[in-house]
RNA sequence: GGCGCUAUCGUCUAACGGUUAGGACGGAGCCCUCUCAAGGCUUAAAUACGGGUUCGAUUCCCGUUAGCGCUACCA
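Next up, the structure:
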């Protein structure tokens, strides 16, 4: 594949914490677009802010991306990822022809470019103190002028040997036009732009310098990034121009919002992918759902459930929306339920296991296998299974006898039903759902009560719950011995009551 | 304040000048039914406002309003 003509996208998160759900959407679009065009998606680590840097976040980010099913073609190699205390390999390395993929390891390159820009007269050193800048801004605000760096150091020839930053010299009286693949044509007058810092005093680049240099160096053809970057696009365009590089295609993605219309953040609820994982969401459902915020298949197509392959096949920038979209937990939950129902029984069982284990249940595989098909349509989140089936795996269950005794049911009658059910279930030759159903229906018929209340008595006696998977299948899964024992136990409890 | 982006049911969205403005989530109702779900059917619910352009605007243009983003040696 000729790399020069290849479609290449990149996802460049800052390792400041767990992967955010909004980041998942961006990463997904990077991959969908690149793959749709037979290109490559690059993972780059934007770790130029040493103050907010969380080293453990790097393996965490890659791990999360993998879990959700997003595999990048190029990215940080093993040695760029922090090893644990014992120096064990993380196993998360990706690698690629443009190593390293962490910006903190590319410092000399940014310094070179910064120097070149100074030589070119497109950038200059600035030794203004934070206090000075702060003061400047306050005065501007007071005079109701637009706030921003005044350009004080533009022509001062600040020497290189004292602490300083390097600023880009924004050409005045220019008009910059961006042809954005999503937003269309956007124009700015450079007069409103202020000379931004390119290289900080710690010799780390700012986002602007690093991203332009790396996107160029790594042959990125399409920059898909969140909406919030749109206003810095003219600066980036100017940088490409100053360096004599051709700019990539830009596509600014609509934001993922919280219910209040503001950018999705912690106060709206869960926002870290990790949290969704722990809450029992399926990665496929998350991806499918995120794809539908800001993108739609269009053409009157009403399909909503898409596999990653299908999304890849159908994804185009033309169908990316301009307006931001509110993240709906309700709809995600619904979609998660759809995905759970579409799982094979063994697959569901495997995915459920960790949640059952962490609920301290002693799993009996035979019971679990029997009940799986019956809880499948009843799950929205994986951990929902716990309260539905924990009665299968406990030696002792508590029952609220009071909730049995409703709709004309009294204790003696309930006790008799339990005893009779226990006896009949002991007698039947084959203990399967159909036989259990036949027996219990017979018991109900022989009782003076209606079928509903009778089954409620049996349900609570056997499971301790008012809400359970279907009764006969639950009893079948529990097994004859435990069922009979629980029925008799209940009968006794009802008599001494 | 300045600059920019955005605007269809509560929410995600479809309708690339002509539709009874469609679907999905959520809501309501009904059916099914051993509880709870799932499933099926039905239903309420939207083009922010004002001007143009046009035979005809959800759709194109302008303005207003509102929301959001940026305005850091953060990304």
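In the numbering used here, the protein residues as written are 137 to 633.
By construction, the Cβ of each residue, glycine as well, lies at the ideal position given by its N, Cα and C atoms.
Who are the Cβ neighbours of residue i in its own chain at under 7 Å, not counting the five residues just before and after it?
{"i": "residue 516", "result": "469, 472 and 473"}
{"i": "residue 424", "result": "441, 442 and 471"}
{"i": "residue 263", "result": "289, 294, 298, 299 and 300"}
{"i": "residue 368", "result": "344"}
{"i": "residue 266", "result": "none"}
{"i": "residue 564", "result": "571 and 575"}
{"i": "residue 585", "result": "544, 545 and 549"}
{"i": "residue 508", "result": "481, 484 and 485"}
{"i": "residue 534", "result": "600"}
{"i": "residue 310", "result": "326"}
{"i": "residue 406", "result": "412 and 415"}
Compute the distance between the beta-carbons of residue i and residue j, then report whether it is under 8 Å.
{"i": "residue 200", "j": "residue 155", "result": "yes"}
{"i": "residue 389", "j": "residue 409", "result": "no"}
{"i": "residue 356", "j": "residue 146", "result": "yes"}
{"i": "residue 345", "j": "residue 246", "result": "yes"}
{"i": "residue 386", "j": "residue 172", "result": "no"}
{"i": "residue 526", "j": "residue 497", "result": "yes"}
{"i": "residue 204", "j": "residue 476", "result": "no"}
{"i": "residue 216", "j": "residue 176", "result": "no"}
{"i": "residue 312", "j": "residue 330", "result": "no"}
{"i": "residue 192", "j": "residue 218", "result": "yes"}
{"i": "residue 583", "j": "residue 547", "result": "no"}
{"i": "residue 181", "j": "residue 239", "result": "yes"}
{"i": "residue 570", "j": "residue 609", "result": "no"}
{"i": "residue 493", "j": "residue 545", "result": "no"}
{"i": "residue 629", "j": "residue 558", "result": "no"}
{"i": "residue 308", "j": "residue 327", "result": "yes"}
{"i": "residue 528", "j": "residue 613", "result": "yes"}
Starting from the C-beta of residue i, find all residues in its chain whose C-beta is less than 6 Å away, skip the five residues before and the five after it, and write them out in chain order.
{"i": "residue 463", "result": "392 and 400"}
{"i": "residue 213", "result": "229, 231 and 235"}
{"i": "residue 460", "result": "390, 391 and 393"}
State the CB to CB distance for the pair residue i and residue j, rounded to an integer number of angstroms; the pair is presumed to be in contact (CB under 8 Å).
{"i": "residue 631", "j": "residue 598", "result": "Not confirmed; about 18 Å, so no contact."}
{"i": "residue 453", "j": "residue 322", "result": "Not confirmed; about 15 Å, so no contact."}
{"i": "residue 433", "j": "residue 510", "result": "That pair is no contact at about 34 Å."}
{"i": "residue 286", "j": "residue 272", "result": "6 Å"}
{"i": "residue 519", "j": "residue 600", "result": "Rounded, the Cβ-Cβ distance is 19 Å, inconsistent with contact."}
{"i": "residue 162", "j": "residue 190", "result": "In fact, because the Cβ distance is near 19 Å, the residues do not count as touching under 8 Å."}
{"i": "residue 206", "j": "residue 164", "result": "6 Å"}
{"i": "residue 634", "j": "residue 250", "result": "Outside the displayed range of the chain (137 to 633) lies residue 634, so it cannot be described from this structure."}
{"i": "residue 627", "j": "residue 551", "result": "5 Å"}
{"i": "residue 580", "j": "residue 567", "result": "In fact, because the Cβ distance is near 19 Å, the residues do not count as touching under 8 Å."}
{"i": "residue 339", "j": "residue 243", "result": "7 Å"}
List the residues that DSSP assigns as beta-bridge partners of residue i.
{"i": "residue 361", "result": "388"}
{"i": "residue 147", "result": "179"}
{"i": "residue 303", "result": "260 and 333"}
{"i": "residue 164", "result": "Beta-bridge pairing links residue 164 to no other residue."}
{"i": "residue 323", "result": "313"}
Identify, in the order they occur along the chain, each residue of the same chain with its Cβ nearer than 8 Å to the Cβ of residue i, setting aside the five sequence neighbours on each side.
{"i": "residue 138", "result": "Because residue 138 carries a pLDDT of 49, less than 50, the predicted location of this residue cannot be relied on, and the following value inherits that uncertainty. If we look at residue 138 and ignore the five residues flanking it on each side, it has no Cβ neighbours."}
{"i": "residue 362", "result": "158, 162, 388, 389 and 391"}
{"i": "residue 489", "result": "499"}
{"i": "residue 419", "result": "203, 204, 205 and 413"}
Flag residue i as yes when its Cβ comes closer than 7 Å to any non-hydrogen atom of the ligand SAM, and as no otherwise.
{"i": "residue 464", "result": "With respect to the ligand SAM, the structure offers nothing, as it holds no ligand at all."}
*Could I get the ranges of all uninterrupted alpha helix (DSSP H) runs contained in the segment 452-514, with 4 residues as the minimum, in chain order?*
465-477, 481-494 and 501-511
*Could you pull out every unbroken alpha helix (DSSP H) segment of at least 4 residues lying fully inside the segment 507-579, listed in chain order?*
520-525 and 547-563
*asked:* So within the segment 189-274, which uninterrupted alpha helix (DSSP H) runs reach at least 4 residues, ignoring any that extend past its ends?
replied: 193-203 and 243-255
*asked:* Suppose only complete runs of 4+ residues qualify. What are the alpha helix (DSSP H) ranges in the segment 362-446, listed by chain order?
replied: 369-379, 409-414 and 419-427
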